[in-house]
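Here the structure is laid out as structure tokens; the discussion comes afterwards.
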Ligand code: PAF
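Numbering (this note's numbering), first residue to last: 48 to 328.
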């Protein structure tokens, strides 16, 4: 069922709630790929009703060209979702009617990394995601680890605002050569596509050397050089952070930073296509 208006969505989820059915939400901006479909599979396995939202949210784009050129493939997206209970495709006017004036703002962790390069991005994301949670009345929402900072921010405001929803993190899906699946990959030229897997390979190299005891600053510095040599630029950030708080880490403490407590995150462009990735250390 395709739902384009808020009233129908509300009526539908009310019926499901009355029948005691659990609801899973997969929020997307469309241009669906296997990564999104793996979120849908996880939702299907865990909840009785699955809603996929498709909404290219204007408030999370700080760059008008990025918004204008964001891939919009609605017919293909719908064809990829034969098994979901509802596909919610609202208009920008319905989501942000005249007079709309509220924002969900997460401080500190939303101002670093992506936040430093895309001012307002996470405010727009947090606001639309909060609206989608509220409209869908979902019990669970499914987010990919590919957007690691987004996932941590969502977890933070769900906890801070006591939102009645559980966030399920789903692992990043990768091509056989390591490139993380992303809607932006379709913008890569054949040449850039050939070089793009270096992003993941270099992250792995840095993680290995840090695990082996190389000082973080030195490992990141070598990683930067490798990225430049592989044709990436500009490199917005290459950082080692505490996985949940996203605080930058310069020294590893064995007791504090065991078991996935550290994360490497990168954002770098290849022929002007901006790619992000992250891995556990
Ligand atoms: O990750 C995305 O595609 C978007 O940030 C989201 C979560 C759908 C909100 O617009």
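All C-beta atoms in this analysis are idealised placements derived from N, C-alpha and C, irrespective of residue type, glycine included.
| Query | Result |
| --- | --- |
| On the criterion of 16 or more Cβ atoms from any shown chain inside 10 Å, does residue 130 qualify as buried, or is it exposed? | exposed |
| Is it buried or exposed for residue 203, if we count other Cβ within 10 angstroms and need 16 for buried? | buried |
| Looking only at its chain, what residues have a beta carbon closer than 7 Å to the beta carbon of residue 320, apart from the 5 residues adjacent to it on each side? | 231, 234, 235, 239 |
| DSSP puts residue 325 in a beta bridge; with which residues? | 312 |
| Within a Cβ cutoff of 8 Å, which residues of the same chain sit near residue 198, ignoring the five residues on either side of it in sequence? | 190, 191, 192, 214, 216 |
| Which residue comes first and which comes last in the beta strand (DSSP E) that contains residue 216? | 213-217 |
| If you follow the alpha helix (DSSP H) that residue 164 is part of, which residue opens it and which one closes it? | 161-164 |
| So which of 69, 262, 259, 221 has the shortest CA-CA distance to residue 244? | 221 |
| Thinking C-beta only, is residue 102 closer than 8 Å to residue 137? | yes |
| Quick one: is the Cβ of residue 138 within less than 7 Å of any heavy atom of ligand 1? | no |
| Do the segment 81-95 and the segment 162-169 touch if we need at least three Cβ pairs shorter than 8 Å? | no |
| Strictly closer than 6 Å from CB to any heavy atom of ligand 1: give me those residues in the order they appear in the chain. | 74, 75, 76, 104, 107, 172, 175, 176, 194, 197 |
| Would a C-beta distance cut-off of 8 Å place residue 73 and residue 60 closer than the cut-off? | no |
| Quick check: what's the CA-CA separation for residue 51 versus residue 181? | 16 Å |
| On the premise that residue 264 lies in contact with residue 219, defined as a C-beta separation below 8 Å, what is that separation, rounded to the nearest angstrom? | With a Cβ gap of about 26 Å, residue 219 and residue 264 do not count as contacting. |
| For residue 165 and residue 108, I'd like the C-alpha separation in whole angstroms. | 8 Å |
| Please state whether DSSP places residue 318 in a helix, a strand or coil. | coil |
| In chain order, what residues of the same chain have a beta carbon less than 6 Å from the beta carbon of residue 91, not counting five sequence neighbours either side? | 97 |
| Could you tell me if residue 124 is buried or exposed, where buried requires 16 or more neighbouring beta carbons within 10 angstroms of its beta carbon? | buried |
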